[in-house]
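Q: Chains as they are written, first to last, in my numbering: chain A, 1 to 338; chain B, 1001 to 1338.
Ideal Cβ placement from N, Cα and C applies to all residues, glycine included.
In this text, all values refer to a predicted model and were calculated from it rather than measured experimentally.
Number of protein chains: 2
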Amino acid sequence: MLALSAARLGLQCRIYDPSPNGPAAHVSDQYTQAEYSDLADVKAFAKTCDIVTYEFENVPSDTALAASTVSTLYPPANALDVAQDRLTEKSFIRDIAKVPVANFEDVASLKGLQSSVNHLGLPCILKTRRMGYDGKGQFVIRTENDIISAWEGLNGQAAILEKFMPFIREVSVIAARNSRGDFTSYPVIENIHKNQILHTSTAPSRNLTTTRDDAQNLARRIMDALGYVGVMATEFFEMEDGSLIVNEIAPRVHNSGHWTQDAGCIDQFELHIRAICGWPLGSTAPLHKVEMTNLLGEDVNDWANYAKEPNTFIHLYGKSDPRAGRKMGHINRIIKSE
Amino acid sequence: MLALSAARLGLQCRIYDPSPNGPAAHVSDQYTQAEYSDLADVKAFAKTCDIVTYEFENVPSDTALAASTVSTLYPPANALDVAQDRLTEKSFIRDIAKVPVANFEDVASLKGLQSSVNHLGLPCILKTRRMGYDGKGQFVIRTENDIISAWEGLNGQAAILEKFMPFIREVSVIAARNSRGDFTSYPVIENIHKNQILHTSTAPSRNLTTTRDDAQNLARRIMDALGYVGVMATEFFEMEDGSLIVNEIAPRVHNSGHWTQDAGCIDQFELHIRAICGWPLGSTAPLHKVEMTNLLGEDVNDWANYAKEPNTFIHLYGKSDPRAGRKMGHINRIIKSE
């Protein structure tokens, strides 16, 4: 979707992907299939580009750094370092950006885990430091009895323990910052998950009079602290008292921002391209309220019904195997004013 | 732009283009550079496609027919035959579709031209039958004195003479029809030309209470007569009494339909893809009034100013040489309700 937005602006994209047949292969100028660890290939590729970016937060930061030695890399590689490791991420957000996160502790042993459970109190969640997404690598500890099975679930992976936050809602902010420090943000987005996978995102979120500016300001504080350039997503827990706690950041365009494609403003993909290319960021004020629904697995087979709905826009990813839970596409529905 | 729309729907496009570096090369799955006259290449290419379409009305109809022998071709090749030759086009529209056009006569000699000028009356316009666009191949005859220079301007090309119609406005209709005969149309578009090149298109057109349904019905009559499948543009002259006269048709997505990309409904490119693939056509009712302005030649250098305007969307074609009059891109401005 980034490549499609770049094409709309007359820019050409070249893709570097370890997969032989990534979706961008079909909509880009050139496609290089090579490993992230082949730094010579990475550099040879990056040399042919004016700007290099990424849309996957588990690109190794060595790979990103290699690209940055021969081209301009945005977002900067330190955003990957921070986002890839929950311990680094939470520490950075709390200690450097001074933005609230749930209480957490580094966990290095079963004994350490038991002691952290005592410090933080129950319930809490044991999370692998790396490679977790869509609820993977997370173990809820409700009672003392859950401690050992959670520890065994880690299977030796490094982890942190987080206090469980009794949030009333999950919201996110998609924002952009350019190299001059200009900042813009879409309205706060309300996210509903099913089975720990994002199901719908609606923007602007309902009833957010007190937290709207807060959320955007908190996102900006993190992006400023990172010297961030490009689009970044910040996910929050909204607490009963209206306060916000950052859950995590994603240094890329984000599923909870797909609604922007049909909202009557610059969409998150174009916004990212504009930000990294030094263009004016443009307007992020939607003309409509939009609800995005992910098409997971077999949901995608209903595409013809969605195609008939007025004020509904279909985006399909062309993946062939609709296995359960796989993101196959999404639809954006414009919600007429109530 | 068709390839970008197809990609949004999860479909892959392969391109056949005589040019080594056509714009679709950068956004498509495969790119075949070969001549239209190489029918073996055309067939080999078409065999790899489920559906073949075109977005240039001067594709030779033999080329289209060759593709249609090994794949499904939409729009049908007869639409090319009709649209490529002004004599065939006007005759088809007047005699088969029974839709009004300006009076015209086939012109085969200087003597015949003089006699046609007498029949039709002055002023009138001598037009080459083939390959005319943006005012090219047209010679206005205001007085008897213009006849010889107009004839010489033809340089031996076959031509027709048309009565000049004192129109008050040029409007167009972009409509789609699928193989089941389902039809849908965007609102009537008002077009302003400068130096015979489209400058702005605004939709919905102002003050069209009497002609709106007429225009759409006339377009449909032509498309039904052609057994048309896909998006087609019909250009009209609007006369002082509100009546409409067809100027020409274009069997493809059309510059006067580019505003649909940012109107809050299915755009003309996706509509064409839906129509030729047998998808539900979807909604063509715009949520906004939009004004499209072409960026011709050096106009494109103002892109950064347009990028700052709220409610303005930029589309650039990535062409390197901004020579005078060349279509380099366009902008769509959402016009807030007055």
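Cutting at 6 Å between CB atoms, please list the residues of its own chain near K1289(B), excluding the five before and the five after it.
A: For the purposes of this step, residue 1289(B) is taken as the residue at position 289 of the second sequence. Here the set comprises I1335.
Q: Using a Cβ cut-off of 7 Å, pull out every chain A residue sitting near G1329(B), in sequence order please.
A: Numbered from 1 along the second sequence, position 329 holds the residue referred to as residue 1329(B). The answer, in chain order, is G10.
Q: Please report the straight-line C-alpha distance between E1291(B) and G1010(B), rounded to a whole angstrom.
A: Along the second sequence, read from residue 1 onward, the residue named residue 1291(B) stands at position 291. Along the second sequence, read from residue 1 onward, the residue named residue 1010(B) stands at position 10. Approximately 29 Å between the Cα atoms of the pair.
Q: Quick one: measure Cβ to Cβ for V42(A) and A67(A), integer angstroms, because I've assumed they're closer than 8 Å.
A: For this step, residue 42(A) is matched to residue 42 along the first sequence. For this step, residue 67(A) is matched to residue 67 along the first sequence. Going by Cβ atoms, the distance from V42(A) to A67(A) rounds to 6 Å, so yes, they are a contact pair.
Q: Report yes if the CB atom of P1286(B) is closer than 8 Å to the CB atom of A1203(B), and no otherwise.
A: Here the question's residue 1286(B) lines up with position 286 in the second sequence. Here the question's residue 1203(B) lines up with position 203 in the second sequence. Yes, these two residues count as a Cβ contact at 8 Å.
Q: With a cut-off of 8 Å, do at least 3 Cβ pairs link the region 1215-1231 of chain B to the region 1082-1102 of chain B?
A: With the cut-off at 8 Å, the region 1215-1231 of chain B and the region 1082-1102 of chain B touch.
Q: Output, in chain order, the set of chain B residues within a Cβ distance shorter than 7 Å of D29(A).
A: The count along the first sequence starts at 1 and reaches residue 29(A) at position 29. Result: H1026.
Q: Is the number of C-beta pairs between the region 169-178 of chain A and the region 127-139 of chain A that are closer than 8 Å three or more?
A: Not touching, per the Cβ criterion.
Q: Would you call the region 1146-1158 of chain B and the region 1232-1250 of chain B in contact, with 3 or more CB pairs under 8 Å?
A: They do not touch, by the three-pair rule.
Q: Which residues in chain A have a C-beta closer than 9 Å to the C-beta of L1316(B)? List them in chain order.
A: The residue you call residue 1316(B) lines up with position 316 of the second sequence. In chain order: R8, L9, G10 and L11.
Q: Can you confirm whether the region 1233-1241 of chain B touches the region 1252-1265 of chain B when touching is taken to mean that 3 or more C-beta pairs between the two stretches lie within less than 8 Å?
A: Flag = yes, the region 1252-1265 of chain B and the region 1233-1241 of chain B touch.
Q: Looking at L161(A): is its Cβ nearer than 8 Å to the Cβ of L110(A)?
A: On the first sequence, residue 161(A) is found 161 positions in, with the first residue counted as 1. On the first sequence, residue 110(A) is found 110 positions in, with the first residue counted as 1. No, they are not a contact pair.
Q: Would you tell me roughly how many angstroms separate the C-alpha atoms of Y1074(B) and T1053(B), rounded to the nearest one?
A: Locating residue 1074(B) in the second sequence gives position 74, counting from the first residue. Locating residue 1053(B) in the second sequence gives position 53, counting from the first residue. Spanning the two alpha carbons is a distance of roughly 5 Å.
Q: Are any of the Cβ atoms in chain A nearer than 8 Å to that of S1283(B)?
A: In the second sequence, counting from the first residue as 1, residue 1283(B) sits at position 283. Cβ-Cβ to chain A under 8 Å: yes for S1283(B).
Q: Would you say W341(A) faces chain B, with C-beta separation under 8 Å as the test?
A: Since the first residue of chain A shown is 1 and the last is 338, residue 341(A) is not available in this structure.
Q: List the residues of chain B whose Cβ lies closer than 8 Å to the Cβ of W279(A), in chain order.
A: For the purposes of this step, residue 279(A) is identified with residue 279 of the first sequence, where counting begins at 1. In chain order: A1304 and A1307.
Q: Listing by chain order, which chain B residues have their CB less than 7 Å from the CB of N311(A)?
A: Taking the first sequence and counting its residues from 1, the one referred to as residue 311(A) is at position 311. In chain order: S1283.
Q: Would D321(A) be called buried (16 or more neighbouring beta carbons within 10 Å of its own) or exposed?
A: Translated into the one-based positions of the first sequence, residue 321(A) becomes position 321. Answer is exposed; the Cβ neighbour count stays below 16.
Q: Rank S1071(B), D1038(B), A1040(B) and A1003(B) by C-alpha distance to the C-alpha of G1022(B) and give the top, closest one.
A: Looking up residue 1022(B) in the second sequence gives position 22. Nearest option by C-alpha distance: A1003(B).
Q: Note down the Cα distance separating A25(A) from S1028(B), rounded to an integer number of angstroms.
A: In the first sequence, the residue the question calls residue 25(A) occupies position 25. In the second sequence, the residue the question calls residue 1028(B) occupies position 28. Each residue's Cα considered, the two are about 8 Å apart.
Q: Once DSSP output is grouped into helix, strand and coil, what is the label at V70(A)?
A: In the first sequence, counting from the first residue as 1, residue 70(A) sits at position 70. In this structure, V70(A) counts as helix in the three-state DSSP scheme.
Q: Would you mind reading off the limits of the alpha helix (DSSP H) that contains L110(A)?
A: Counted from its first residue, the first sequence places residue 110(A) at position 110. L110(A) -> alpha helix (DSSP H) spans L110 to L120.
Q: Under the DSSP definition of a beta bridge, which residues are partnered with N332(A)?
A: Taking the first residue of the first sequence as position 1, residue 332(A) is located at position 332. Per DSSP, M292(A) and F313(A).
Q: In three-state terms, what does DSSP make of D1267(B)?
A: Locating residue 1267(B) in the second sequence gives position 267, counting from the first residue. Of the three classes helix, strand and coil, the one that applies to D1267(B) here is coil, per DSSP.
Q: Could you tell me the alpha carbon to alpha carbon distance between E1338(B) and K1319(B), rounded to whole angstroms?
A: As a first step, residue 1338(B) is located in the second sequence; it is residue number 338 there, counting from the start. As a first step, residue 1319(B) is located in the second sequence; it is residue number 319 there, counting from the start. Its pLDDT being 49, under 50, E1338(B) is placed unreliably by the model, and nothing is read from it.
Q: Could you give the DSSP three-state label for R86(A): helix, strand or coil?
A: Walking along the first sequence from the start, residue 86(A) turns up at place 86. Reduced to three states, the DSSP call for R86(A) is helix.
Q: Give a yes or no on contact between the region 1184-1197 of chain B and the region 1031-1042 of chain B, applying the rule of three or more CB pairs nearer than 8 Å.
A: No, the region 1184-1197 of chain B does not touch the region 1031-1042 of chain B.
Q: What is the residue span of the alpha helix (DSSP H) that Y1306(B) lies within?
A: For the purposes of this step, residue 1306(B) is identified with residue 306 of the second sequence, where counting begins at 1. Its alpha helix (DSSP H) spans residues W1303 to K1308.
Q: Which residues in chain B sit within 8 Å of L4(A), going by Cβ to Cβ distance?
A: Position 4 of the first sequence, counted from the start, is the residue given in the question as residue 4(A). Those within 8 Å of L4(A) in chain B are L1004, A1007, R1008 and V1027.
Q: Are the beta-carbon atoms of L1296(B) and G1325(B) separated by less than 8 Å?
A: Working through the second sequence from its first residue, we reach residue 1296(B) at position 296. Working through the second sequence from its first residue, we reach residue 1325(B) at position 325. In contact: L1296(B) and G1325(B) (Cβ atoms closer than 8 Å).
Q: Tell me the rounded alpha-carbon separation between E1190(B) and A263(A).
A: Position 190 of the second sequence, counting from 1, holds the residue named residue 1190(B). Position 263 of the first sequence, counting from 1, holds the residue named residue 263(A). Cα-Cα distance, rounded: 25 Å.
Q: G1264(B) versus chain A: which residues are under 8 Å apart at the beta carbon?
A: Reading the second sequence from its first residue, position 264 is the one you call residue 1264(B). Those within 8 Å of G1264(B) in chain A are D262, G264, L287, H288, N311 and I334.
Q: Restricting to Cα atoms, I'd like to know which of A158(A), Q157(A), D267(A) and H272(A) is closest to D182(A).
A: Taking the first residue of the first sequence as position 1, residue 182(A) is located at position 182. It is H272(A).
Q: Measure from the C-beta of V1300(B) to each C-beta in chain C and report whether the shortest distance is under 8 Å.
A: No chain C appears in this structure, whose protein chains are A and B.
Q: Under three-state DSSP, which class holds D1261(B)?
A: Your numbering for residue 1261(B) matches position 261 in the second sequence. One point to set straight first is that residue 1261(B) is Gln, not Asp, in the sequence displayed. Looking at Q1261(B) - three-state DSSP - the assignment turns out to be helix.
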